[in-house]
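Data block below; observations after.
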Amino acid sequence: MIRKENRISNTQLFFIIIQAQIGVGILSLPHDVSLISKNDGWISTLIAGAMVQVIILVLWGLGRKFPSLTIYEIIPRLIGKRLGKIIVFFYAIYFIVTGSLVLSRFIQVIDTWILQRTPNWILILLTLGVCVYLVKDTLRSIARFYVLVTPLLIILFGLVTYALKDANFLYIFPIGQSGIPNIVKGSKEAIFSMLGFEFMLFLYPYVKATDGRKLVAVSSANLFVTLFYTYMVFASLIFFETRQDLYLTPQPLLYMIKSYSFQIVERIDLFFLSIWVISVVTSIASWIFLASNGFKYFFGRASHARFLPCTAGIVFIIALLPRNETDLQKFNKILEPAHLGFIVVIPLFLFLFSFFFAKKRSGDHSV
Amino acid sequence: MKFIKKLLKYNKDKNENSPSKKREKISNHAFSTIKENISTINQIFSNTEDLVIKSLEIKTVPGVIIYLETMVDKEKIQKYVLNPCLQSPLEPISDMLGANFQSATVFNQVEAALLEGSCVLSLDGYAKLFIVDVSLSKERSITEPENEKVVQGSHDGFIETLLTNLHLLRKTVQSPNLSVKYLPTGTQVKSKIALVYLNNLVNEEIIHECEYRIKSISMDNVVNIGFLEELIEDSTLSPFPQLLNTERVDRVAGHLNEGRVAVLMEGSPTALLFPVTFFAFYQSPDDYSSRWIIGTFIRAIRHASFLISIILPAFYIAVIAFHFEVLPDELVNPVGSSINKIPFPPLIEALIMELTIELIREAGIRLPSRIGQTIGIVGGLVIGDAVVQAGLISTTMIVVVALTAISSFCVPSHGMSDAVRLLRFPFMFLAASFGFVGIVFGYIVLLAHLCKLESFGTPYFAPFAPLRIKDIKDTFLRLPIWKLKTRPLDSHPKHIKQQDPLRGWNYNDTKRK
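Just so you know, the sequences run in chain order D and V.
Its first residue numbered 34, the first sequence is counted upward by one per residue in our numbering.
Its first residue numbered 31, the second sequence is counted upward by one per residue in our numbering.
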């Protein structure tokens, strides 16, 4: 069913999940989290990682039941062809909207930090062009690219770490000051920055590995991302003296990096942003890839590439809609239940549902 | 529409009468009478005037010898044709013929032999033609290729004769596993193409794929090896060369030993090597003849040159046009003062200078070497100096452009050097329109393209995409020879192991102590 040239290795799965997860959220995460859980933002981030891990276990359970099917094939099989196709279609729409929101936030940052006078639609067009080129061929070529660019995260890590020469570790105390309810509430914010792990719903059958190893790969990717994010939040918490600074700066990490300069270059934040662009593009490309694959299954075609232009077109229009930060907030609020529904509720429902069907069709889906 | 269809049909009819089909009317088998043979050969060669037909008599059997006088050595005819035919009265004719000639019964064979410089003997009463090779060979001597010089190591280079080239390879790789496969192509003008590989290493799939690709070429005349390269490579849209061009014997031998295939062609001193990766274009035989630390250092510089020549002008444009604040205080003054009075935006400035350099380069290649040097001096020094004096281009831009030009010539492979020089233009445009973001987007597309590219089924950007840490040992690093225990995986060789632990003496010594 899955052609040889589309198979990817377990290591590649690890890197794909990392690249899909790390995206636009990294810049604003410390701000978003500490708005709610104050000093304990880093604990919230850790808890968010643990929550994601639970969801990953559910998704993995579903994938293990149908080791040769993607989510788009599982749904019609479990709940009937017609209804299933409609849900597949909604999945594609959901991925498109998520991608658009990320793209919109990305353009907002670029607009405020680097290219103030360039019209947004040109930037959106450019980004989408790059993303479409990235995902128009085999999954294998996408995986290779994601592996290739992951080491760049080390540079982001290094730049943030260098800023810590001015940090004071005492700012982190007292730990647990904001109370458990606030910490948990804060972790909800952090989860949105960790989206992207749902890529495994689609990738699962493409990976050449045993079920257990796939779980290890996805979990370690999640662990890596959680630690990476926690480090970023922690770093900004110990860098800014008053919490007020954190509340006022929507992208605390950039201000942190902007504060120092080397002998030969200044404005290190521009270099940070340039590398961050790659991580965001890989995330957006993942959602576009997922959406166009959804359309592929919905229309029953052989290749996802022909749906890329129209997918990108829809993303282009939706990404243009939010005009400012408050629009984005609203947009985000609307999307929250959708995240919950498509990533947690539906897969969980399918997972439970599959128990009834497992006996009846056990022969069908063995590879 | 109808008109166009008619036109297309007309073309089709015309094609059917094309010369390639006409040939089948001529009978293909040799006749037993001299006259018919002569007329057929004359017909094949359209009565060309350098086709010499001389009659002679061997022991009362009338015969003729036929040859192209432009292709044969007269002395060889005397030695190999006339002497045995006329001066050995003792042995019977059939013995004499068998000892000296190859027989042929079909005219296709005769035609090919005549074109290669053979002499054909036709005897009355024999339904066969007798061929002997008397070709005139005018080949140049074996010299070091001009554009691939090395400091140390072998100085042999290929020449225009296929046989000599194969001889050079056999002499270098003395192994019974070295196989040669001839694949003639071209429907009108036959070109001789040879596949060379080590039978015990090479992956059969690659050989099959290559044979399939070469055999499917249906072309009147495959003019040179550049045609062949474009006809068999995977992606013609890519700026990157996917087959490695080289004129060096040792380079081909080295790649054969890693399980790759070489294609050579009659009349071309260039060998095509495949499947190769991006990093093969940055290797030079010099790396292996110097010490490994130095080799690694020079490799690293070469790879840096790839980045510099693509990114540097774009980076400079982006800094000047968008992100001037990136420069530290101490640099703002010198850079600022040099660009202050320049009338053009940095993109135009850079384009003018880059194009000038390209012009100088092209002129330098076309002109004879003495004038070429003059052009270099006039172009490089005089224009560079005058253009700054005139206030048209800033001095920093001259520095950037010069650095870029130098680094784009560091690549040991000509095709890759061209690709790199071409690639910096889109990057310059991107930088001028979007600053750093534009460069990063360009970079993403470039890397994605490298990840997608495949050459005969092997990923082009291996061992980085897909990542194989073991194989990085011989890419931008050049680890010591005794570390290169396995062959790189990208060519999928049959035996991955290359050597047993070397420097065993060292190991034994420590054990004795």
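Using N, Cα and C, we set each Cβ at its ideal position, and we do this for glycine too.
Residue j beta carbon less than 8 angstroms from that of residue i
i      : j      : result
V:I255 : V:I244 : no
V:T302 : V:N275 : In the sequence on display, residue 302 of chain V carries Leu and not Thr. In this structure, V:N275 lies closer than 8 angstroms to V:L302 by Cβ.
D:L62  : D:M265 : yes
V:V441 : V:R332 : yes
V:A344 : V:L460 : yes
V:D103 : V:L151 : no
D:K218 : D:I376 : no
V:L196 : V:L286 : no
V:T135 : V:A60  : yes
D:L156 : D:L148 : yes
D:I104 : D:F235 : yes
V:P271 : D:Q296 : no
V:C481 : V:F491 : yes
Chain D contact for residue i (CB, 8 angstroms cutoff)
i      : result
V:L357 : yes
V:H353 : yes
V:C481 : yes
V:I236 : no
V:P299 : no
V:V150 : no
V:A544 : This structure does not reach residue 544 of chain V, given that chain V is present from 31 up to 543, and the question cannot be answered.
V:L477 : yes
V:V467 : yes
V:P518 : no
V:V470 : yes
V:F336 : no
V:P364 : no
V:I526 : no
Environment of residue i [buried if 16+ CB atoms lie within 10 Å]
i      : result
V:Q117 : exposed
D:P342 : exposed
V:S335 : buried
V:G534 : exposed
D:F305 : buried
V:R278 : buried
V:P214 : exposed
V:L273 : buried
D:V258 : buried
V:A420 : exposed
D:I224 : buried
D:F47  : buried
D:N255 : buried
V:K51  : Any answer about V:K51 is weak, because its pLDDT of 45 lies below 50 and its placement is not dependable; what the coordinates show is given next. V:K51 comes out exposed.
D:R334 : exposed
V:S76  : exposed
Residues that residue i bridges to, as DSSP identifies them
i      : result
V:G187 : V:R278
V:T488 : V:S485
V:C149 : V:V162
D:N39  : DSSP output for D:N39 lists no bridge partner at all.
V:M17  : The structure shown does not extend to residue 17 of chain V, since chain V is modelled only from 31 to 543, so the question has no answer here.
V:K527 : V:T516
V:F304 : V:V291
V:G93  : V:L86 and V:L153
D:A371 : Answer is none; D:A371 lacks a bridge partner.
D:Y124 : Answer by DSSP bridge pairing: none, since D:Y124 is not bridged.
V:N251 : V:V219
V:Y212 : V:A224
Cβ of residue i within 8 angstroms of any chain V Cβ
i      : result
D:T151 : yes
D:E299 : yes
D:D302 : no
D:R138 : no
D:R246 : no
D:D278 : no
D:F273 : no
CB-CB length for residue i against residue j, believed under 8 angstroms
i      : j      : result
V:L207 : V:G289 : It is worth fixing the name first, because residue 207 of chain V is Asn in this sequence and not Leu. V:N207 to V:G289, Cβ: 11 angstroms. No contact.
D:T131 : D:W320 : 6 angstroms
V:S463 : V:V450 : In fact, because the Cβ distance is near 21 angstroms, the residues do not count as touching under 8 angstroms.
D:F322 : D:I175 : 7 angstroms
V:K106 : V:V164 : 4 angstroms
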